[in-house]
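First to last, the sequence lines map onto chains D and C. Using numbering that gives the first Met the number 0, you'd call the opening residue of the first sequence number 0 and step up by one each time. Using numbering that gives the first Met the number 0, you'd call the opening residue of the second sequence number 0 and step up by one each time. Here is the structure we will look at, set down as structure tokens.
2 protein chains.
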Amino acid sequence: MSTNSRSLDLEKLVSLCKRRGFIFQSSEIYGGLASTWDYGPLGAELKRNVKESWWRTMVLGRDDMVGLDSAIMMHPDVWRASGHVDNFTDPLVECTVCHKRWREDQLEGENGAEPVCPDCDGKLGASRMFNLMFKTFMGPVEEEANVVYLRPETAQGIFVNFSNVVTTTRRRPPFGIAQIGKAFRNEITTGNFIYRTREFEMMEIEFFVPPGEDEEWHQRWVDESLRWYTDLGVAQERLRVRAHDSDELAHYSKATSDIEYQFPWGWGEIQGTANRTDFDLKAHTENSHESLSYFDEESSEHIVPYVIEPSFGVDRAIMTFLADAYTEEEAPAASGKMEKRVLLKLHPALAPVKVAVLPLSRNEKLVPLAQEVHDAIRSSGAVGGLVQYDDAQSIGRRYRRQDEIGTPLCVTVDFDSLDDKAVTIRQRDSMAQERVPISGLVDQVRKLLI
Amino acid sequence: MSTNSRSLDLEKLVSLCKRRGFIFQSSEIYGGLASTWDYGPLGAELKRNVKESWWRTMVLGRDDMVGLDSAIMMHPDVWRASGHVDNFTDPLVECTVCHKRWREDQLEGENGAEPVCPDCDGKLGASRMFNLMFKTFMGPVEEEANVVYLRPETAQGIFVNFSNVVTTTRRRPPFGIAQIGKAFRNEITTGNFIYRTREFEMMEIEFFVPPGEDEEWHQRWVDESLRWYTDLGVAQERLRVRAHDSDELAHYSKATSDIEYQFPWGWGEIQGTANRTDFDLKAHTENSHESLSYFDEESSEHIVPYVIEPSFGVDRAIMTFLADAYTEEEAPAASGKMEKRVLLKLHPALAPVKVAVLPLSRNEKLVPLAQEVHDAIRSSGAVGGLVQYDDAQSIGRRYRRQDEIGTPLCVTVDFDSLDDKAVTIRQRDSMAQERVPISGLVDQVRKLLI
Numbered sequence: 000m001s002t003n004s005r006s007l008d009l010e011k012l013v014s015l016c017k018r019r020g021f022i023f024q025s026s027e028i029y030g031g032l033a034s035t036w037d038y039g040p041l042g043a044e045l046k047r048n049v050k051e052s053w054w055r056t057m058v059l060g061r062d063d064m065v066g067l068d069s070a071i072m073m074h075p076d077v078w079r080a081s082g083h084v085d086n087f088t089d090p091l092v093e094c095t096v097c098h099k100r101w102r103e104d105q106l107e108g109e110n111g112a113e114p115v116c117p118d119c120d121g122k123l124g125a126s127r128m129f130n131l132m133f134k135t136f137m138g139p140v141e142e143e144a145n146v147v148y149l150r151p152e153t154a155q156g157i158f159v160n161f162s163n164v165v166t167t168t169r170r171r172p173p174f175g176i177a178q179i180g181k182a183f184r185n186e187i188t189t190g191n192f193i194y195r196t197r198e199f200e201m202m203e204i205e206f207f208v209p210p211g212e213d214e215e216w217h218q219r220w221v222d223e224s225l226r227w228y229t230d231l232g233v234a235q236e237r238l239r240v241r242a243h244d245s246d247e248l249a250h251y252s253k254a255t256s257d258i259e260y261q262f263p264w265g266w267g268e269i270q271g272t273a274n275r276t277d278f279d280l281k282a283h284t285e286n287s288h289e290s291l292s293y294f295d296e297e298s299s300e301h302i303v304p305y306v307i308e309p310s311f312g313v314d315r316a317i318m319t320f321l322a323d324a325y326t327e328e329e330a331p332a333a334s335g336k337m338e339k340r341v342l343l344k345l346h347p348a349l350a351p352v353k354v355a356v357l358p359l360s361r362n363e364k365l366v367p368l369a370q371e372v373h374d375a376i377r378s379s380g381a382v383g384g385l386v387q388y389d390d391a392q393s394i395g396r397r398y399r400r401q402d403e404i405g406t407p408l409c410v411t412v413d414f415d416s417l418d419d420k421a422v423t424i425r426q427r428d429s430m431a432q433e434r435v436p437i438s439g440l441v442d443q444v445r446k447l448l449i
Numbered sequence: 000m001s002t003n004s005r006s007l008d009l010e011k012l013v014s015l016c017k018r019r020g021f022i023f024q025s026s027e028i029y030g031g032l033a034s035t036w037d038y039g040p041l042g043a044e045l046k047r048n049v050k051e052s053w054w055r056t057m058v059l060g061r062d063d064m065v066g067l068d069s070a071i072m073m074h075p076d077v078w079r080a081s082g083h084v085d086n087f088t089d090p091l092v093e094c095t096v097c098h099k100r101w102r103e104d105q106l107e108g109e110n111g112a113e114p115v116c117p118d119c120d121g122k123l124g125a126s127r128m129f130n131l132m133f134k135t136f137m138g139p140v141e142e143e144a145n146v147v148y149l150r151p152e153t154a155q156g157i158f159v160n161f162s163n164v165v166t167t168t169r170r171r172p173p174f175g176i177a178q179i180g181k182a183f184r185n186e187i188t189t190g191n192f193i194y195r196t197r198e199f200e201m202m203e204i205e206f207f208v209p210p211g212e213d214e215e216w217h218q219r220w221v222d223e224s225l226r227w228y229t230d231l232g233v234a235q236e237r238l239r240v241r242a243h244d245s246d247e248l249a250h251y252s253k254a255t256s257d258i259e260y261q262f263p264w265g266w267g268e269i270q271g272t273a274n275r276t277d278f279d280l281k282a283h284t285e286n287s288h289e290s291l292s293y294f295d296e297e298s299s300e301h302i303v304p305y306v307i308e309p310s311f312g313v314d315r316a317i318m319t320f321l322a323d324a325y326t327e328e329e330a331p332a333a334s335g336k337m338e339k340r341v342l343l344k345l346h347p348a349l350a351p352v353k354v355a356v357l358p359l360s361r362n363e364k365l366v367p368l369a370q371e372v373h374d375a376i377r378s379s380g381a382v383g384g385l386v387q388y389d390d391a392q393s394i395g396r397r398y399r400r401q402d403e404i405g406t407p408l409c410v411t412v413d414f415d416s417l418d419d420k421a422v423t424i425r426q427r428d429s430m431a432q433e434r435v436p437i438s439g440l441v442d443q444v445r446k447l448l449i
């Protein structure tokens, strides 16, 4: 019955996200702000669930990881030491005719000719390196001494706190520090909805290992990262691992492997695991004159660990989960006629609304019982997310609405419920229905949501 | 026995926070960045718990609230319409001698004389209004057309999405939109640890009500906000509500009530509930030419709702919970001698480490059993936070360490455990110990953590 046709195009997803309150264009009433997006009521829950699931897997569920939450604004010397002031650049060219600006390395000339402006075919000016860090001034004077940058990655907040974490937690490599937070890159070109934006959120781990164990840990983290997506239901066949060619590597990296997802527009990076070697800790030691190392009891030496960095985009993860969950299929409507059904097959841990409670109609006896059922599920704590009550429109339209926002379970209260003290649970994907006594409902809901 | 002496001074708290990994100075190895702080492994968990507790109470637990997560960068017209470009300023004066800059309204002249520089007694220059918004440039050209501001409050992200939320959720006032996120204010003076910083996190609600119901809802939200702190254990007698005098009110406010906490340095605002009237929605309607109203079926009119805004500082909440939980008391040590005990009486929902599992010693039989117990508690899901295993140092020192980081429960595995398959649960505040069979441990832990 289910075709799970990959009939998804980006417009469909953007439209669903807006219509259902997942994602809105930022500042839309003012015409929007280029490639900036706001998460609506359902999107905010989805985002919370993605981050919570990651933190539970990567931090709370492991013995070798601790968390951190460092500030977006850091001392500017951090970015000099890390190489970002000098190297975090893209080549920028400006059209001499229409003055639009382009990333030179993304332009291709036809038949080997020099590239021209993609908009107006005008001649392009000379290329210059453009630094992608947003800068601002801290304190009341706009002068060079007061420049601070918005972090383009959360990683450096981890490196500069290495000694503080080692001292306070008594950890020794192999162990990791994880954090989730906003980062900012003043990209020359953006696009593909929430895939490439200037403001975005990251989930990053810096995993410190004894030198020599780095390649083994690198592979292990590629595998574990991949597993996070597949455990949350992403189709294996739409994921692939791609190792960077040596000429693609960032200035700090010995090896990087990307996890890519097959989006409607093609394969796109959603996660990267870099072997940053001891580059960052050594650079910060040199620049700050504070030793960033650990004491190895076996060799009685101070050692600078190697760093494996699994780095996840929150917004790209959301894009992945939404694109992968989007399904169109033919299903029988209430009339028995086959109709197109749109559903989001989101993992229950990610679904914004976990359970919807629906009285068959707005009958004066059904409504109070349905509200009682709703309150019982919500207050039980069985569900770590939204429990929605909905009595508007026909039951068929309400099912379709819940399918489209990915609600795993609908609980329907009908006239029989008044007599048999039982309700019907309908499962999103199979549309299977089962009758459950209200007294055992919370337990059954808990079981079905795992 | 417990004195709960308010012997707390700020230095003690800052020192504990650093020593135990709650809060570090940001970019410390580079000498720090003025008034910027990073949350360490325990602080990151505490912060997560504060935000999660707020979201569960204010969003998931209510029928009249939805969530939102809007971007930090917004269209600059948002800040012109909201009045922030014109009015979000402080009066700034510069010393003509040492060139230090001060907030004029915080200086007081002695005996009614003109104020002088608090640092060098130098003469102060003319006062000018300084806008507190951080600005940066979006896109590759630093010109006025590309200026964007870092939001100084999350509220405007809610206002500009009002229609999108109403349409997608079919809500009508009274209802609220809540969000948690970073905001930035380029304060002239900062201080008191994480209390006043330039980068901070907010938990804000914009609660939309029919005009005329605003004063009633204002009072209700002051009460509900206060209850959030007291439900999480903050002492009632260190909290007070203070209504703003009319000359203190922000440009958008009809009435504002602050919740203040008695910090070591005096009373300080930790939450504010403002009656923003219809100021913001009307201002955005006028500037964007998009109507921000709802259709009232009873009167068949389009109505611009009034807005009640309960606004909480995340960092100030953390400061409050830490300061309020800090306790010194005399308690018997293992030797029977009375000793000073430092503990954080954090509510279990807030404590970063929920349970610590401690083998009495590093004995080869105790360690595997203790690890088994640790894994059983962690994998049970009974605990929504860290479960720590610790076998370093004497049991007395480990208890003291767990007391000092606020761990509600210690589970001790001793030699009797090998025979009786039972362990000892020690409660942080009472130091009461009870013997519990390992088979019933998870249930007992769950019960004690509520």
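Note that beta-carbon positions come from the ideal geometry of N, C-alpha and C, so glycine has one too. Note that this is a predicted model, so its numbers are computed, not measured.
- Residue pairing of residue 179 (chain C) in beta bridges, as defined by DSSP: C:202.
- In the three-state scheme derived from DSSP, where H, G and I count as helix and E and B as strand, residue 130 (chain D) is classed as strand.
- Where residue 274 (chain C) is concerned, the enclosing beta strand (DSSP E) starts and stops at 265-276.
- Sixteen is the threshold: when 16 or more other Cβ atoms of the shown chains lie within 10 Å of the Cβ of residue 353 (chain D), as they do, the residue is buried.
- In this model, residue 259 (chain D) and residue 322 (chain C) are separated by some 46 Å (Cα to Cα).
- Distance from the CA of residue 188 (chain D) to the CA of residue 102 (chain D), rounded to the nearest whole angstrom, comes to 7 Å.
- For residue 22 (chain D), the beta-bridge partners assigned by DSSP are D:38.
- For chain D, the residues of the segment 64-83 of chain C that bring a beta carbon within less than 7 Å of one of its beta carbons are 65, 66, 67, 68, 69, 70, 71, 72, 73, 74, 76, 77, in chain order.
- Listed in chain order, the positions of the segment 271-291 of chain C with a beta carbon within less than 7 Å of a beta carbon of chain D are 283, 287, 289.
- Rounded to the nearest angstrom, the gap between the Cα atoms of residue 89 (chain D) and residue 80 (chain D) is 19 Å.
- Sequence-distant partners of residue 431 (chain D) (beyond 5 residues in either direction) whose C-beta falls short of 8 Å from its own C-beta, in its chain, are 425.
- Apart from sequence neighbours up to five positions away, the residues of its chain that approach residue 194 (chain C) with a beta-carbon distance below 8 Å are 262, 267, 314, 315, 318, ordered along the chain.
- Flagged as an interface residue toward chain D: residue 39 (chain C), by a C-beta distance shorter than 9 Å.
- Put simply, the CB of residue 241 (chain C) is far from chain D, with every gap to its CB atoms at 9 Å or more.
- For residue 160 (chain D), the closest Cβ of chain C is nearer than 9 Å.
- As summarised for the segment 354-439 of chain C, the continuous alpha helix (DSSP H) elements at least 4 residues long and confined to that stretch are 365-379, 394-404, 414-419, given in chain order.
- Between the beta-carbon of residue 205 (chain D) and that of residue 176 (chain D) there is about 5 Å, and that keeps the pair under the 8 Å contact cut.
- Within the segment 85-162 of chain D, complete beta strand (DSSP E) segments of at least 3 residues are found at 88-93, 100-102, 127-130, 134-136, 146-148, given in chain order.
- For residue 134 (chain C), the C-beta contacts it makes with chain D under 7 Å involve 135, in order along the chain.
- Boundaries around residue 320 (chain C) are those of the alpha helix (DSSP H), 313-324, since no beta strand (DSSP E) includes it.
- Between the beta-carbon of residue 279 (chain C) and that of residue 270 (chain C) there is about 19 Å, and that puts the pair past the 8 Å contact cut.
- In this structure, DSSP gives residue 44 (chain D) a helical state, which the three-state scheme calls helix.
- Here residue 178 (chain C) is actually not in contact with residue 198 (chain C); their C-beta atoms are around 17 Å apart, not less than 8 Å.
- Residue 437 (chain C) and residue 389 (chain C) have their C-alpha atoms spaced approximately 18 Å apart.
- With the criterion set as a beta carbon lying under 7 Å from some beta carbon of chain D, the members of the segment 182-200 of chain C are 185, 187, 197, 198, in sequence order.
- The straight-line gap separating the alpha-carbon atoms of residue 300 (chain C) and residue 54 (chain D) is approximately 47 Å.
- A distance below 8 Å between beta-carbons, with the five flanking residues on each side excluded, links residue 286 (chain D) to the following residues of its chain, in chain order: 76, 79, 80.
- For a Cβ distance threshold of 7 Å, residue set 159, 283, 287, 289 of chain D lies close to residue 28 (chain C), ordered along the chain.
- The beta carbon of residue 136 (chain C) lies closer than 8 Å to those of 142, 145, 146, 147 in the same chain, with the five residues before and after it left out.
- Cβ atoms of residue 412 (chain C) and residue 440 (chain C) stay farther apart than 8 Å, at about 10 Å.
- Rounded to whole angstroms, the separation of the alpha carbons of residue 69 (chain C) and residue 156 (chain C) is 6 Å.
- The beta-carbon of residue 234 (chain C) is placed no less than 9 Å from the nearest beta-carbon of chain D.
- Out of D:52, D:139, D:173, the CA that lies nearest to the CA of residue 227 (chain D) is found in D:52.
- When secondary structure is reduced to three states using DSSP, residue 250 (chain D) falls in the coil class, being assigned neither helix nor strand.
- From the listed residues D:383, D:366, D:117, the smallest Cα separation to residue 347 (chain D) is found for D:383.
- Counting C-beta pairs with one atom in each stretch, the segment 58-69 of chain D and the segment 222-237 of chain D have fewer than three that are closer than 8 Å, which means they do not touch.
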